[in-house]
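Report on the structure given below.
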């Protein structure tokens, strides 16, 4: 069970870092907090934090400056948006369209419903 919590923690931290990059808290070519700082802030084992940071480095969202720390890569915002838009489509749009078809909701009505959702925000 602890392994699942660790897995969830590193995924949540990865997503938090991505969210902060998208929000501009960590602009491209700027340093993110150290693994030690993130470990303390989030009360996580440094290995869990390192796993999150390494996943972002492998995805070329972050890069390492030896002896200095981790930095947000040029083009990171675009990469995160592209990845998340694909996930959004797979996770939400496909199932929404499938359910709309089951309920007999035509595409134009589904679009109107979606637009209404934007207006209510």
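Numbering (my numbering), first residue to last: 26 to 146. Even glycine gets a Cβ: it sits at the ideal position worked out from N, Cα and C. Since the structure is predicted, the reported quantities are computational estimates derived from the model, not experimental observations.
Rounded distance between the beta-carbons of residue j and residue i, thought under 8 Å
i	j	result
residue 87	residue 98	6 Å
residue 34	residue 69	6 Å
residue 102	residue 53	7 Å
residue 136	residue 125	Their Cβ separation, rounded to whole angstroms, is 10 Å, which puts residue 136 and residue 125 out of contact at 8 Å.
DSSP state of residue i mapped onto helix, strand, coil
i	result
residue 94	strand
residue 87	strand
Residue i, buried or exposed, once every other Cβ within 10 Å from all chains shown has been counted against 16
i	result
residue 66	exposed
residue 63	buried
residue 26	The pLDDT assigned to residue 26 is 34, lower than 50, so where the model puts this residue is not dependable, and the model offers no usable value.
residue 38	buried
residue 72	exposed
residue 57	buried
residue 51	buried
Own chain residues within Cβ distance below 8 Å of residue i, not counting five before or after
i	result
residue 43	81, 86, 105 and 109
residue 138	130
residue 47	102, 105 and 106
residue 128	none
Sequence-distant residues of its chain with Cβ nearer than 7 Å to residue i (five each side left out)
i	result
residue 78	60, 87 and 95
Distance cut-off 6 Å: residue i Cβ against heavy atoms of the ligand PLP
i	result
residue 47	Of ligands this structure carries none, so the ligand PLP is not represented either.
Same chain, Cβ closer than 6 Å to residue i, neighbours up to 5 away in sequence not counted
i	result
residue 89	95
residue 132	none
residue 123	none
Any chain C beta carbon closer than 7 Å to residue i
i	result
residue 138	The chain labelled as chain C is not found in the depicted structure, where only one protein chain is given.
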